[in-house]
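For the record, the sequence lines run as chains A and B.
In this text, residue positions in the first sequence follow my numbering: the first is 1, and each later residue adds one.
In this text, residue positions in the second sequence follow my numbering: the first is 1, and each later residue adds one.
Ideal placement from N, C-alpha and C gives every residue a C-beta, glycine not left out.
Please read the structure below before turning to the comments.
Protein chains: 2
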Amino acid sequence: MAILTRAQRRTLDFLSRFIGERGEAPLLDEIARGIGIHSRGVVHRYLKALEEAGLIRIHPRRHRGIELMGGRESVLALPLAGRIAAGQPIEAIEGQEKISLADFFLGPGRFALRVTGDSMVEAGILDGDTVIIKACQTAEEEAIVVALIDGEEATLKRLKRERDGSITLLPENRALKPMHYPAERVAIQGVVVGQMRRYEG
Amino acid sequence: MAILTRAQRRTLDFLSRFIGERGEAPLLDEIARGIGIHSRGVVHRYLKALEEAGLIRIHPRRHRGIELMGGRESVLALPLAGRIAAGQPIEAIEGQEKISLADFFLGPGRFALRVTGDSMVEAGILDGDTVIIKACQTAEEEAIVVALIDGEEATLKRLKRERDGSITLLPENRALKPMHYPAERVAIQGVVVGQMRRYEG
DNA sequence: AGAGTAGAGAACATTAAGAGAACAGTCAAG
DNA sequence: CTTGACTGTTCTCTTAATGTTCTCTACTCT
Numbered sequence: 001m002a003i004l005t006r007a008q009r010r011t012l013d014f015l016s017r018f019i020g021e022r023g024e025a026p027l028l029d030e031i032a033r034g035i036g037i038h039s040r041g042v043v044h045r046y047l048k049a050l051e052e053a054g055l056i057r058i059h060p061r062r063h064r065g066i067e068l069m070g071g072r073e074s075v076l077a078l079p080l081a082g083r084i085a086a087g088q089p090i091e092a093i094e095g096q097e098k099i100s101l102a103d104f105f106l107g108p109g110r111f112a113l114r115v116t117g118d119s120m121v122e123a124g125i126l127d128g129d130t131v132i133i134k135a136c137q138t139a140e141e142e143a144i145v146v147a148l149i150d151g152e153e154a155t156l157k158r159l160k161r162e163r164d165g166s167i168t169l170l171p172e173n174r175a176l177k178p179m180h181y182p183a184e185r186v187a188i189q190g191v192v193v194g195q196m197r198r199y200e201g
Numbered sequence: 001m002a003i004l005t006r007a008q009r010r011t012l013d014f015l016s017r018f019i020g021e022r023g024e025a026p027l028l029d030e031i032a033r034g035i036g037i038h039s040r041g042v043v044h045r046y047l048k049a050l051e052e053a054g055l056i057r058i059h060p061r062r063h064r065g066i067e068l069m070g071g072r073e074s075v076l077a078l079p080l081a082g083r084i085a086a087g088q089p090i091e092a093i094e095g096q097e098k099i100s101l102a103d104f105f106l107g108p109g110r111f112a113l114r115v116t117g118d119s120m121v122e123a124g125i126l127d128g129d130t131v132i133i134k135a136c137q138t139a140e141e142e143a144i145v146v147a148l149i150d151g152e153e154a155t156l157k158r159l160k161r162e163r164d165g166s167i168t169l170l171p172e173n174r175a176l177k178p179m180h181y182p183a184e185r186v187a188i189q190g191v192v193v194g195q196m197r198r199y200e201g
């Protein structure tokens, strides 16, 4: 897969956004305006490059004749449009900043777990969510941890250490009660460093 | 694999960090600044060495044309250990499955928004979370949407259509009231397809 | 001393990005 | 069915940024 230049990437981003939003491909002039230039010829050159990279298909001479192929994870970053509730139309903010999924979640000793159960709903971790865990044996007070009890049962709870050295595992759900254990019975397996959820669109 | 000198290692480290954080490779000048020297020519020599060692690939004369070899899949994916609360030590389950961040979140016409405010807390979307939006102008009943009201104020709410064609935007927070608008005043900008959160570890 | 590693910086070759003209094909309205 | 405006395609030009190749200097280590 050829490497894309910045302008080419901008073009591709605009394309997928446009096609996703309206049902049809943009005109060359619309692309030009969308990526902030004036020349149709230049846009055409970028499109040719994208076609050669296998990312789009151009139906020759057809107006709005651009089809985007199964794009692939060419990037592991998403454009960050801005803050919601900031009271601005999103189009206006479009642009520069990007949020890197890698930076967000990846790192040494991390793995994912799918959450079952409602014990942390009030902390915004729902049944079916995926949490990213950083493996470690100790954790700070108040951290959300994966705790193994008696070497058998693994649960996700908020950690609290008592003065006498014993450990309380706090669920974030008023319907459930805190659990109290002597330190020997609890082994920490990791700390929650991230959480993610998918919605069926 | 040839042995690397210190400067070469510094270069490689900088490369992988840069590419991990942003989606693209750095310019020679950026590398130079990143490893604390001034000469592009020197950087080029290091890159040649790294290429010879099989650690990167250089696309000749292309700007930002550096591709790093080796575990590229590992950059995008996290090992999926299993289900928490399944009552098993995690080590035991660890293994096969991997969860792809790209598959989870990336796709045509998607972008990210940082959430401000508490209006969706009961749906597990907290202040400070990041939501992934798929840009579109229509949405299904019950979907969580980004809605623009009167072309001015953008908010995140659950969508409900009334029989008379008007629209109700439902917050997921008992402290807040549903908002009701005639259809003309509400423009849908996108649908929430994902959500993620980072915890300070 | 000699070999290897670091670095500076000049000179040159290409690329990326853009403007815009000219031409040809498409499409929709009369 | 014809026509004219619109749209895609192909060119050439321009400019600045960037990659590539060299030579020269300095430092370290055995």
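**Request:** Measure from the C-beta of residue 179/B to each C-beta in chain A and report whether the shortest distance is under 7 angstroms.
**Result:** So no, residue 179/B is outside the interface.
**Message:** For a contact defined as C-beta to C-beta under 8 angstroms, what are the partners of residue 206/A on chain B?
**Reply:** There is no way to answer for residue 206/A, as the model of chain A reaches only from 1 to 201.
**residue 44/B versus 124/B, 157/B, 110/B, 11/B, residue with shortest Cα-Cα distance** = Distance from the Cα of residue 44/B is smallest, within the candidate group 124/B, 157/B, 110/B, 11/B, for 11/B.
**Message:** Quick check on residue 157/A: buried or exposed, where buried means 16 or more other Cβ atoms within 10 Å of its Cβ?
**Reply:** Result: buried.
**Item:** chain B contact residues for residue 162/A, given Cβ-Cβ distances below 9 angstroms
**Value:** Neighbours of residue 162/A on chain B: none; closest Cβ ~23 angstroms, over 9 angstroms.
**Asked** How is residue 183/A classed by DSSP in three states: helix, strand or coil?
**Response** The answer is helix: DSSP assigns residue 183/A an H, G or I state.
**Residues from the region 37-59 of chain A in contact with chain B, defined by Cβ distance under 8 angstroms** = Cβ contacts with chain B come from no residue of the region 37-59 of chain A.
**Message:** Starting from residue 176/B, trace the beta strand (DSSP E) in both directions and tell me its first and last residue.
**Reply:** Segment: none, residue 176/B is in no beta strand (DSSP E) and carries neither H nor E.
**Asked** Can you tell which of 141/A, 187/A, 3/A has its C-alpha closest to the C-alpha of residue 62/B?
**Response** Looking from the CA of residue 62/B, the closest CA among 141/A, 187/A, 3/A belongs to 3/A.
**Message:** In the DSSP output, which residue or residues are listed as bridge partners for residue 191/A?
**Reply:** Beta-bridge pairing by DSSP links residue 191/A to 134/A, 145/A.
**Prompt:** In its own chain, which residues sit with a C-beta less than 7 angstroms from the C-beta of residue 50/B, not counting the 5 before and 5 after it?
**Reply:** Within the same chain, residue 50/B has close Cβ partners 8, 11, 12, 56.
**Prompt:** Would a check of beta-carbon distances place residue 174/B closer than 7 angstroms to chain A?
**Reply:** No, no contact with chain A.
**Asked** Are the C-beta of residue 104/A and some C-beta of chain B separated by less than 7 angstroms?
**Response** At a cut-off of 7 angstroms between C-beta atoms, residue 104/A counts as an interface residue with respect to chain B.
**Asked** According to the neighbour-count rule (16 or more other Cβ atoms, all chains shown, within 10 Å of its Cβ), is residue 26/B buried or exposed?
**Response** In this structure residue 26/B is buried. Its beta-carbon is surrounded by 16 or more other beta-carbon atoms within 10 angstroms.
**Request:** Could you list which residues in chain B have their beta carbon closer than 7 angstroms to that of residue 126/A, in chain order?
**Result:** Contacts between residue 126/A and chain B, judged by CB atoms closer than 7 angstroms, involve 124 in chain order.
**Prompt:** What number of angstroms, rounded off, separates the C-alpha of residue 38/B from the C-alpha of residue 31/B?
**Reply:** Taking the straight line from one Cα to the other gives about 9 angstroms.
**Item:** residue 67/B (DSSP reduced to helix, strand or coil)
**Value:** Reduced to three states, the DSSP call for residue 67/B is strand.
**Item:** Collapsed DSSP secondary structure at residue 106/A in the structure displayed
**Value:** When secondary structure is reduced to three states using DSSP, residue 106/A falls in the coil class, being assigned neither helix nor strand.
**Message:** Restricting to Cα atoms, I'd like to know which of 161/B, 111/B, 124/B is closest to residue 141/B.
**Reply:** Minimum Cα distance to residue 141/B is reached at 161/B.
**Spatial distance of residue 174/B from residue 125/A (CA atoms)** = Their Cα atoms are separated by approximately 18 angstroms.
**Prompt:** Beta-carbon of residue 158/B versus every beta-carbon of chain A: anything under 7 angstroms?
**Reply:** No, no contact with chain A.
**Asked** If contact means a Cβ-Cβ distance below 7 angstroms, which residues of the region 181-193 of chain B contact chain A?
**Response** The residues in question are 189, 191, 192, 193.
**Item:** Test: residue 8/B CB closer than 7 angstroms to a CB of chain A
**Value:** No, its Cβ sits nowhere closer than 7 angstroms to a Cβ of chain A.
**Message:** Looking only at its chain, what residues have a beta carbon closer than 8 angstroms to the beta carbon of residue 202/A, apart from the 5 residues adjacent to it on each side?
**Reply:** Here chain A covers residues 1 to 201 and nothing more, so residue 202/A does not appear.
**Request:** Would you mind sorting residue 20/A into buried or exposed? The rule is 16 or more other CB atoms within 10 Å of its CB.
**Result:** With 16 or more Cβ atoms within 10 Å of its Cβ, residue 20/A is classed as buried.
**Request:** Determine, using beta carbons only, whether residue 135/B comes closer than 7 angstroms to chain A.
**Result:** Yes, contact with chain A.
**Request:** Would you list the residues sitting across from residue 196/B in a DSSP beta bridge?
**Result:** According to DSSP, residue 196/B shares a beta bridge with 196/A, 130/B.
**Inter-residue Cα distance where the pair is residue 36/B and residue 99/A** = Cα-Cα distance, rounded: 26 angstroms.
**Message:** If you follow the beta strand (DSSP E) that residue 53/A is in, where does it begin and where does it stop?
**Reply:** From DSSP, residue 53/A is part of no beta strand (DSSP E); its letter is neither H nor E.
**Message:** I want to see whether chain A comes within less than 7 angstroms of residue 196/B, judged by CB atoms only; does it?
**Reply:** Closer than 7 angstroms to some Cβ of chain A, the Cβ of residue 196/B qualifies, so yes.
**Request:** Using only alpha-carbon positions, find the residue among 200/B, 135/B, 198/B that is nearest to residue 187/B.
**Result:** Selected option, being the one with the closest Cα: 135/B.
**Asked** Shortest alpha-carbon distance to residue 146/B belongs to which of 122/B, 18/B, 165/B, 116/B?
**Response** Closest option to residue 146/B, Cα to Cα, is 116/B.
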